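Residue numbers (numbering that gives the first Met the number 0), protein chains in the order written: chain W, 0 to 73; chain B, 0 to 438.
Glycine included, each C-beta is placed from N, C-alpha and C at the ideal position.
Given the structure is predicted, the values throughout are model-derived calculations rather than measurements.
Working notes for the structure below.
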Amino acid sequence: MTTMARQVCEYYVIHPLDDALEEKRTGEGLSRMQMTPSVRLSLLALRGYLILMTGLVFYRVLDLCGALAHHAVH
Amino acid sequence: MNSADRAVTKEVPAKGRIVTSRWKRQVLTYLMVMGPGLIVMVADNDAGAVSSYTLAGAQYGTRLLWILILLLPMTYFVQEMVARLGIATGQGHAAMIYKRFGRWWGVFSLADLQLVNFLTLVTEFAAISIALSSMGVSPYLAVPVAAAGLIVIVVTGSYLCWERMVIGLCCLDVVWFALAFACKPSTAGVLHDSIVPGLPCGLNSALVFLIIAIVGTTIAPWQLFFQQSCVADKRLRFADLKWARLDTFTGATFTILVACCMMMVGDLAFRHHIPFTNDSNAAQIANSLGPIAGRFVRNGVLVLMVNCAVLGTTAVSLSSAWAYGEVKGWPHSLRKKVTDAPGFYAVYVLCVAAAAGIVLVLNDRQLQAIILGVQVLAGVMLPSAVIFLQLLLNDRELLGDEFVNKPWNNVVNWAITVVLFGLSLILAAQVLVPKLFPS
C-alpha cells in the first residue's frame with residue numbers, strides 16, 4: 000500500500016469502502032436463537048395470524064379485481 | 000480503535016483524507032457515512048406517501064399534522080435498530096432472520112417481502128404513469144423510460160455512484176418546501192395542528208383508513224430490509240454507529256418535514272372546498288390546484304410525485320434483490336459488476352421490468368385493488384417484522400453487550416410494536432368488515 004509521512008495531531012478519515020474489513024458478529028457457529036416457551040408459542044400464533052391474514056387479503060384483492068366473478072364487490 | 004477515528008501518528012494510507020482539526024474530521028466522517036439512513040427515509044416518501052399526505056391535507060386540512068410529528072420518533076427508533084444490527088453483523092435483515100429463526104421464518108419473511116414489494120412497485124409505476132399522463136406524456140413512453148433509467152442507475156457496479164445519484168434525487172425533495180410556501184398555509188394553524196392532537200369530524204371509516212395509511216406509509220417493512228442491507232453493503236464500521244444514527248435521524252426529520260409540506264399543499268384544496276375521496280390521488284389534487292395556485296404548484300407536485308416514485312422504486316427493488324441474494328447465498332452487492340453478481344441484478348431488473356409491464360396492462364379498478372392490497376399487507380406485515388427486529392436486537396449471544404438493546408430501548412420499541420399491532424388489527428378488521436366504523 001502506498002503511504003506518506005504526516006505530522007502528529009493531524010487526523011485522517013477513510014471512507015468505509017476504502018477501509019480494512021472488520022470482523023463482524025455474523026453469528027457463524029451459533030445455533031438458532033434460544034427462546035422461552037412463551038416466546039415460541041407467541042411466534043407460532045403470529046405464524047397462524049400472518050398466514051390467515053395473507054390469505055384473506057388475497058381473497059379481498061381478487062374480489063375487488065373482479066376475479067371472483069360470482070361475488071364481485073361494487 | 001477504528002482506523003477512521005484516530006489521530007495520525009506515523010503513516011497515512013494513500014486513500015485517507017487528511018484534516019487538521021477535530022471538527023473537520025467529524026464533519027468529513029459524517030459525510031462519508033451518510034447515505035443509507037437518508038435514502039431509506041426519503042425513499043419512504045414514495046408515490047403512496049405523496050397520495051396519502053396530500054389527500055390527508057385535501058380532506059382534513061392540517062388537522063392531522065400531529066400524527067406526522069408523532070411518527071418522527073417512531074420511525075427513528077425502528078430504523079436505528081436496523082442500522083445498529085447492520086453495523087454489528089455486517090449482514091442484511093433477511094440473512095439474520097434466516098440464521099437465527101430458521102428456514103421457515105426465513106422463507107416466509109422473504110416471500111412476504113417480495114410480495115408486498117412487488118405490489119408496491121406496481122403502485123410506484125402507476126404513479127409515474129398517472130403523473131406524466133397529466134403532463135401530456137404517454138404512459139407507453141413514460142413507464143418504459145422510467146424503468147430503463149432505474150435499471151441504469153443500479154448496474155454501474157459502483158455503490159458510491161448509485162448512492163450519489165440517489166442522494167441527488169433525495170435533494171430534489173427540498174422543492175416541497177417551496178411548494179408549501181407557495182400555498183400560503185396559516186402559520187398559526189400549522190403550529191397548532193402540529194402540537195395539539197385532534198380528530199376532525201370524529202372517528203369515521205375514511206379517517207381511520209387514512210390514519211392507518213399515513214402510519215403504514217411512514218414505517219414500511221421494506222425499510223427494515225433495505226437499510227440493514229445498505230449499511231452492510233457500504234461496510235459501515237463499528238465506530239460509524241453514532242454517525243449512522245445521525246444519518247438516520249437527519250433523514251427521518253427531513254422526511255417528516257417534507258411530509259408536512261405535502262399535507263400543507265393538500266390543505267390548499269381543503270381551504271377552497273374542493274371535495275376528494277380516499278380513492279383520489281396526488282395527480283388529481285395537483286390538477287385541481289392548478290387554477291388556484293398556478294402552474295408552479297401543479298407541475299411541481301406532478302414532477303415531485305414522479306421523483307418520489309423513482310426513489311421508492313429503486314429502494315424497494317434493491318431491498319428485494321438484497322434479501323433474495325442474502326437468503327440464496329448469491330453475491331449481492333452494488334459494489335460488484337453485473338457479471339459478478341448476476342442473480343442479484345437479475346432480481347432487481349425483473350422486479351422493475353415486471354412491475355412496469357403490469358402497470359401498462361391493468362385497468363384502473365385492478366390498480367385500485369392492488370393499492371388497497373399493498374396498504375393492508377404492509378400493515379399486517381410490519382408489526383411482525385418489528386417483532387423479529389426486537390428479538391434480534393435482544394440476542395445477546397449474537398450482538399454482545401455493546402450492540403444489544405438497552406432496557407429503555409425495549410420499553411420504547413415494544414410500545415411502538417403494540418401501537419403498530421393495534422393499528423394492524425384495526426386495518427384488518429376494517430377490510431374484513433367494511434362497516435366497522437361509521438361512514
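Exposure label - residue i; buried when at least 16 CB within 10 Å
{"i": "B:TYR344", "result": "buried"}
{"i": "B:LEU333", "result": "buried"}
{"i": "B:LEU30", "result": "exposed"}
{"i": "B:TRP22", "result": "exposed"}
{"i": "W:PHE57", "result": "exposed"}
{"i": "W:ALA66", "result": "exposed"}
{"i": "B:ALA377", "result": "buried"}
{"i": "W:ILE50", "result": "exposed"}
{"i": "B:LYS434", "result": "exposed"}
{"i": "B:ASP45", "result": "buried"}
Closest Cα partner of residue i within the set the options
{"i": "B:PHE269", "options": "B:ALA258, B:CYS259, B:ILE284, B:ILE255", "result": "B:ILE284"}
{"i": "B:LEU27", "options": "B:ASN286, B:ASP246, B:VAL302, B:LEU435", "result": "B:ASP246"}
{"i": "B:GLN113", "options": "B:TRP329, B:ALA55, B:LEU267, B:MET380", "result": "B:MET380"}
{"i": "B:GLY85", "options": "W:GLY65, W:LEU61, W:GLU22", "result": "W:GLU22"}
{"i": "B:ASP278", "options": "B:VAL337, B:LEU206, B:LEU109", "result": "B:LEU206"}
{"i": "B:VAL195", "options": "B:ILE127, B:LEU69, B:ILE129", "result": "B:LEU69"}
{"i": "B:SER193", "options": "B:GLN429, B:LEU67, B:VAL410", "result": "B:LEU67"}
{"i": "B:VAL142", "options": "B:VAL375, B:GLN374, B:ILE357, B:VAL385", "result": "B:ILE357"}
{"i": "B:GLN78", "options": "B:PRO220, B:GLY265, B:ARG395, B:GLU325", "result": "B:PRO220"}
{"i": "W:VAL60", "options": "B:LEU366, B:LEU422, B:ILE415", "result": "B:LEU366"}
{"i": "B:PHE100", "options": "B:GLY91, B:ILE152, B:PHE387, B:VAL411", "result": "B:PHE387"}
{"i": "B:VAL410", "options": "B:GLN389, B:LYS241, B:HIS272", "result": "B:GLN389"}
{"i": "B:ARG395", "options": "B:HIS271, B:THR88, B:LEU267, B:ALA130", "result": "B:THR88"}
7 angstroms Cβ shell around residue i - same chain, five flanking residues per side excluded
{"i": "B:ALA352", "result": "ALA146"}
{"i": "B:VAL49", "result": "MET261, ALA281, MET304, CYS307"}
{"i": "B:VAL41", "result": "CYS169, ASP172, GLY250, PHE253, THR254, LEU310"}
{"i": "B:ILE150", "result": "VAL348, VAL351"}
{"i": "B:GLY372", "result": "LEU118"}
{"i": "B:LYS233", "result": "GLY34, PRO35, TYR158"}
Chain W contact for residue i (CB, 9 angstroms cutoff)
{"i": "B:VAL39", "result": "no"}
{"i": "B:LYS434", "result": "no"}
{"i": "B:LYS14", "result": "yes"}
{"i": "B:SER383", "result": "yes"}
{"i": "B:GLN226", "result": "no"}
{"i": "B:ARG163", "result": "no"}
{"i": "B:VAL214", "result": "no"}
{"i": "B:ARG99", "result": "yes"}
{"i": "B:ARG21", "result": "yes"}
{"i": "B:ARG24", "result": "yes"}
{"i": "B:VAL106", "result": "no"}
{"i": "B:THR28", "result": "yes"}
{"i": "B:VAL309", "result": "no"}
Within-9 angstroms CB hit, residue i to chain B
{"i": "W:LEU20", "result": "yes"}
{"i": "W:THR25", "result": "yes"}
{"i": "W:LEU63", "result": "yes"}
{"i": "W:GLN35", "result": "Checking the displayed sequence, the identity of residue 35 of chain W turns out to be Thr instead of Gln. No, W:THR35 does not count as interfacial toward chain B."}
{"i": "W:LEU16", "result": "yes"}
{"i": "W:LEU40", "result": "no"}
{"i": "W:LEU67", "result": "no"}
{"i": "W:MET52", "result": "yes"}
Beta-carbon proximity list for residue i, same chain, < 6 angstroms, skipping 5 on both sides
{"i": "B:VAL296", "result": "LEU178, ALA181, LEU288"}
{"i": "B:SER316", "result": "TYR347, CYS350, VAL351"}
{"i": "B:ASP239", "result": "VAL32"}
{"i": "B:ASN404", "result": "LEU392, ASN393"}
{"i": "B:MET134", "result": "LEU301"}
{"i": "B:PHE124", "result": "VAL142, ALA354, ALA355, VAL358"}
Residue-chain proximity (residue i, chain C), Cβ-Cβ < 9 angstroms
{"i": "B:TRP329", "result": "In the structure shown, chain C does not exist; the protein chains are W and B."}
Own chain residues within Cβ distance below 8 angstroms of residue i, not counting five before or after
{"i": "B:GLY215", "result": "GLN374, ALA377, GLY378, LEU381, LEU422, LEU426"}
{"i": "B:MET263", "result": "GLY56, THR61, ALA179, CYS182, PRO184, VAL189"}
message: Report the start-end ranges of each beta strand (DSSP E) in the segment 23-89 of chain B that is 3 residues or longer and not cut off at the edges.
response: DSSP runs (the beta strand (DSSP E)) wholly in the segment 23-89 of chain B: none.
4-residue-minimum alpha helix (DSSP H) runs that sit fully inside the segment 216-249 of chain B, ordered along the chain: Whole alpha helix (DSSP H) segments, 4+ residues: 220-232.
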